[in-house]
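Trainee:
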Amino acid sequence: MEHLRKIRFWRPRAPVASSTTDALKPDCPALVCHDETIDYAAYHLCVLDPILGNLLCVGDNAPVVVLTRGRRRVALPVQKGARWLDAHIFAGTSSFLLLSPECLLLFDFTRRHSPSALFPRGRNESLFACLHIPQGMTWGVVGCRGGSVMYWKLKEEADSLSLVWAALTTDLLALCRPFLPTQTPPSSSSLLCGHVHSIDSNPTSSNSLVAVLSGVPGVCKWHLDENSLSGFYRLPHVTAGTSLQACRVTPGGTYIIATKSDLATVFIWSNGGKKAKDRSVEVFWTLETGCRLPYSPGNGDTEGVDEDDSENVPCGIHIARSAGSSSQAQSDKKCHIHLLLYSVGELVELVLDVEGRQLHQREDILAHVAALHLERMPARGTKGALAVKRVIPCVRSSYWVGMWTERDLDVLLMTSSASGPLLIRRCRSKRNLESVDTLQELPRGANASVRMLLLSPSLERLNAFWCSVRNAQQDSDPWRDVLQGGVGLAKPSDLQKWDGPPLAFGTLPDVPCGGVCLFPLSNECVPVPTSVMEQYTAWGSHVSVKGCNTFTLLEQIIPELPHYTEMILRVVACADAVVVSVVHLSSTLVEPLVKLSRECLMPDSTSAEGKGGDDDNDAGTLARTAVLVSCRIARSGGASSGLQLLRGGCSVLLQLQDASFVLVDLSGAQTGEEGLPFMVRFPAALFPAGSTLASFDTVWLDCPGPSACVKVEATNRMCLALVCVLSDQKGVIVWDMSCMRLLSYFPSAGGEGWRYNAVIACSRTNDFPVLGADLLCEVVLKPTAGAAKAAPHGSEGVIYLLDVFGRLLLPVRIRYAPEKADAWAVKKDDDEAEWYSIPSGKSATLRFCAQVVGGHVVLAGEVNHSVGETLMPSARIAMVEEGPSWMFGPLEWHLREGPERNEEEVAATVPAPRSSRRSQRGEASVILCAEGKVDVLAAARLAANGAAKPLEPLCSFEPGCAVEHVVACEFAGALLVLTRDANRWRRVRMLDLETAQPLAESKAMVHFTQEERLRIYPLPVEGGNLHVYVVGRGGALGHLVFAAADGEGGAMGPSAGAFFAGLPCSAAPSSFQAYQRFLPPPPTTKQEGGFLKRLLALPWEEEALKVEGLLRAERQESFEELRRRLAPAAGPGEAPQLKAAHGRQQGSRYAEIKSTAERENVTLNEARRLMGENQAKLRERGERVAEIANRSRELAEEAARFQDLARMLREKQRNKWM
């Protein structure tokens, strides 16, 4: 892997304490972080199923990914540390193979089970090198590094499919030994002599195979039924160490084509050419291609080829024939041959007339790919970005190679060392490319960004949105022609089966019409088509301001995750105005809240201010930064000019161009005739001279110290604190926004103290309540004893139902009349409205539930009653407030989420009443972030401390490397910290929000070493795990899952991969005849030989059955044979008898070999070799059985000793009691 080279080591300024980085919090459940990132750049093998349209992606140290229609996928975990050499899909089925040097694995992507495996153990310890499966067959060939090939086949037993070795083997190096050069090759080449690079079979006959080996100057051909050399196709001008890298047989079986790793020369032999006495065939045509390999396997500075993998240089050949006319005979001699050659640094297509020995056309495809692709990938880097790993044609017209035409080479899938799979569409008429598409998670625009907004719409909106994605994806997805699997996308009704948010919608604000659908439980990321993004443009864009360029300052979802998203609040700024709008997801309605001009926000500024001296991207905008504050501005008492800040509702705190602040109220209250919202200005002179603010946030606190401020008294002695971090790490300052006074100032006096660059304030309460159609608001009225005696009959009071922004939804008047049967009655605060009596009897306490249904406030009970129509039809109840001259006791209310219930059920289950404002007073904390540390401080102590008093943080976290991003997830009570070391390895840590102690072991991520900037976005699942997405500019999407260490819930839920359970396909059968029903009928090929050869040739089906009969499975050793082999050796007195028996055995050995040859229908040499291999295998198996027996005996002895110790301990305990 390229990013593992030249590793540098980080030298932190201060030592890292192990207690803060490794120790887990003792009183919290242990969590485990699972890295579920799918980085397609790490996948170097791709295989396409031409029948089902599924794509298999394989990478080292990465799960196997199976992609189907709509970019849906399933990830199958495989063993780590393996280097995968090749992969194969049994077309039309769910079975596929993976080959590594140590094993051959059989998988099924419709179910998760342990795969069947074959190992090279017992076969001369030769590691695997290559894999080949003839088309339409359920058996295959594995080439080894020792020069031999082994055959395997599928076997069905106990309703499962497994791999078994066949009894037949072929030693290709021994067959080619007479043709090896007499000159001794260099030592480096002799070590690789016999390595099987490539194997191919004749498309017209699966009995005929060809292969190329390292150090062998030619192509070896043999037949399975004879298991001997059929022909050796010799290279001209043989020198020491000369060998080929890839070989193929043309679709008609007429020619054999091979090339070296540099693709400089292509060698073509006639398959039926004249053979010499030693069965060698001279080359028919030697073609110079003009290719020169830019990467050398021995060059350690290259990124395309690994130094320890020089014997497996990527190289391959794909062959197709020209279509021609319908009347023309399709044969290798009468059609042009299209050769697609690829190696590490080359991808070319040659159009040949082999019979006439003419090169008609040469096209350098890789040069066109580099021109289109490299200019669009600045994040990954261009050096070695197109070091080709594998190229496959995306053939959908025919499964059989004999029917391929040049049109099947127009769409290619290429994997490279840094870019992953690339979909290449060619245009033959222009001899150029139509497009090059990268298989990546996130779409990238002209200005790639790390910003992403996560939404969780309701199920109703999800169903409609997902239907739009399904319908539009077939026309906009560039991979639609490749991924056409019969699985399809899940139906909208399937979303109801998910536990928690089934789908999260992620918008990319800086990418035009960019959006993705995230399935956290199944680890999927589906791109949203552009047409759907245009249809739901309000979800991913902002309100446009005419005549100027806009800049999005703030995007906030309400309520926060994991609750279903009801609305999106956006603050957009341009050079002359600031627009605040809200998007309602339920109706896709964009509601403008406030539009403020420059004259309104900066009335004292001149036109020349704010136009120079700022090099930021937002230098030309009216405002720089915006923060959403949970407060609203109201008039103070009866004063006409005084204002006070009340907790609840929403306001926007804007940092303007001149470094001043403006707090803008969003509750809809207006001042005077101008119709402007309430605003409070904070001039820049309130902050230290010559300093600007790098970061700021707000938090509600108990008012520190005695105060005579009327505003504080009106808000129950609570103040809104503004915590600011000064630029250039000059210190921290805390302001009381309620009383306009300085609370604390902590300058950095040249040392390491108070040098921060970001601040996060956590109020420890939910400032934005849960909304939704099924949210019930419960209001409890308790008249006090004094108020009940003083209040006359018919005393009344008014409550105001407010939305999340503090806007009035409906005023409700409440009357208490104890002389009536039902003492309590409510109505809309209107003279024309009628009173509605609530069944309450003579009780002095009233409890009722209200909810918004269809734009009306409805009282829930046995009979629902509409109190009145809300002023905001699309808003929900978020707050309740007393009106003036409140005659009753304290107003108790809270919000609850659940199904509708009648009044009796609600009264029985309502928890103890609590004050809304008092319940929101929590212990707030402030998180200060520096370059190399994160400190957590109590907000109350930070505000009440002062500049002279030393203040130590509650806890400090120093990871020992650079802190890149910090996010507070209050729902999970965790602090997520993303760090970066000198090698750009990222590490995500999950800390406790109160103590900063680790809740889980940190997780290192090496997928983003080429990324300059990353951001993390938590997605909590209610009742489940915490999912964390990592977003970068390169298009990759990191996915981490924090789950309980006890295994409950797991990293991925049980529904992971469930969408593949209903596939219209099954596992591959074990026989050729059963496999035929999955495949189209084979083509009828024209034989190029004479009349006698065509007469003796068997049909393709009969020859396939013949070959399948030859590959019998290895005979397993019986128990009696194993017992005789493991019998103990004889004593000294039995030596003469053993010698006599040995002589008789030597005398009968020839008869035994002869009988074996007749029984197996092989030659005497093959029978002798088979007997030797069987003896070696039996000897090895006996050694393993002996080891098992010794281990069992040791375990039995240990068990006996433990039993004796237990008995002794029991006797000792009994004697002690006696």
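First residue of the sequence shown? That's 1 in full-length UniProt numbering, and the numbers climb one at a time after it.
By construction, the Cβ of each residue, glycine as well, lies at the ideal position given by its N, Cα and C atoms.
1. Under three-state DSSP, which class holds Gln1203?
2. In this structure, does DSSP put His368 in helix, strand or coil?
3. Can you tell me whether Ser744 is buried or exposed? The criterion is at least 16 other CB atoms within 10 Å of its CB, across all chains shown.
4. For residue 1301 and Ala1196, I'd like the C-alpha separation in whole angstroms.
5. Hey, how far is the Cα of Pro314 from the Cα of Cys247?
6. If you reduce the DSSP assignment to three classes, tell me which class Gln1010 lands in.
7. Pull up the distance between the alpha-carbon of Arg145 and that of Asp39, whole angstroms please.
8. For Ala968 and Ile927, which I take to be in contact (beta-carbon distance under 8 Å), what is that distance rounded to the nearest angstrom?
9. Between the region 132-140 and the region 1073-1083, do at least 3 Cβ pairs fall closer than 8 Å?
10. From the DSSP output, which residues share a beta bridge with Pro527?
11. Following the continuous alpha helix (DSSP H) through Thr552, name the residue where it begins and the one where it ends.
12. For the candidate residues Val526, Leu628, Leu596, whose alpha-carbon lies nearest to that of Arg570?
13. Buried or exposed for Asn54, please, with buried defined as at least 16 other CB atoms from any protein chain shown within 10 angstroms of its CB.
14. Compute the Euclidean distance between the alpha carbons of Leu654 and Pro457, then round it to the nearest angstrom.
15. Can the beta-carbon of residue 1220 be found closer than 9 Å to that of Ala323?
16. Can you name the start and end residues of the beta strand (DSSP E) that Leu173 belongs to?
17. Which class does Trp985 belong to by DSSP, given the choice of helix, strand or coil?
18. For a test of the three-state rule: what should DSSP assign to Trp466, helix, strand or coil?
19. Going along the chain, which residues of its own chain have a beta-carbon closer than 6 Å to the beta-carbon of Gly402, five neighbours each way excluded?
20. Within 10 angstroms of its Cβ, does Gly356 collect 16 or more other Cβ (buried), or is it exposed?
21. Report the partner residues of Gly731 according to the DSSP bridge assignment.
22. Roughly how many angstroms lie between the CA atoms of Leu589 and Val583, to the nearest whole one?
23. Please state the DSSP three-state secondary structure of Pro501.
24. Leu224 and Leu1105: beta carbons closer than 9 Å?
25. Beta-carbon separation of Val238 and Pro181 under 9 Å?
26. In angstroms with no decimal places, state the Cα-to-Cα distance between Arg941 and Cys724.
27. Leaving out the 5 sequence neighbours to the left and right, which residues in its chain are closer than 6 Å to Gln1213 when beta-carbon positions are compared?
28. Identify, in the order they occur along the chain, each residue of the same chain with its Cβ nearer than 7 Å to the Cβ of Thr621, setting aside the five sequence neighbours on each side.
29. Check Arg390 in the structure and name its three-state DSSP category.
30. Looking at the ligand GTP, does it come within less than 8 Å of Glu862, judged from the CB to the closest heavy atom?
31. Residue range of the beta strand (DSSP E) that Thr537 falls in?
32. Does the Cβ of Gln358 have 16 or more other Cβ atoms within 10 Å, making it buried, or fewer, making it exposed?
33. How would you call Tyr1150, buried or exposed, if buried means at least 16 neighbouring beta carbons within 10 angstroms?
34. Ignore the nearest five residues each way along the sequence and tell me which others in Thr565's own chain have a CB closer than 7 Å to its CB.
35. Taking the alpha carbon of Arg681 as the point to measure from, which residue in Leu656, Ser270, Asp702 has its own alpha carbon closest?
36. In this structure, how does DSSP classify Asn1165 when only helix, strand and coil are distinguished?
Mentor: Inspection of the coordinates gives the following:
1. helix
2. helix
3. buried
4. Residue 1301 lies beyond the stretch modelled for the chain, which goes from 1 to 1218, so this question has no answer here.
5. 13 Å
6. coil
7. 31 Å
8. 6 Å
9. yes
10. According to DSSP, which records beta bridges pairwise, Pro527 is partnered with Val516.
11. Segment 551-558 is the beta strand (DSSP E) holding Thr552; no alpha helix (DSSP H) there.
12. Leu628
13. buried
14. 28 Å
15. Any property of residue 1220 remains undetermined from this structure, which presents the chain solely from 1 to 1218.
16. Element bounds for Leu173: not the beta strand (DSSP E) but the alpha helix (DSSP H), 172-176.
17. Three-state DSSP puts Trp985 in coil, outside helix and strand.
18. helix
19. Pro203, Pro251, Pro1083, Thr1085
20. exposed
21. Pro747
22. 6 Å
23. The predicted position of Pro501 is uncertain, since its pLDDT is 48 and thus under 50; a value taken from the coordinates is nonetheless stated next. The answer is coil: DSSP assigns Pro501 none of H, G, I, E or B.
24. no
25. yes
26. 15 Å
27. none
28. Cβ within range, chain order: Phe551, Ala573, Cys574, Ala575.
29. strand
30. In the structure shown, the ligand GTP is absent, as is every other ligand, since no ligand is present at all.
31. Element bounds for Thr537: not the beta strand (DSSP E) but the alpha helix (DSSP H), 537-540.
32. Under this definition Gln358 is an exposed residue.
33. exposed
34. Leu455, Ser456, Pro457, Ile557, Leu585
35. For Arg681, the closest C-alpha among the options Leu656, Ser270, Asp702 is that of Leu656.
36. It is helical.
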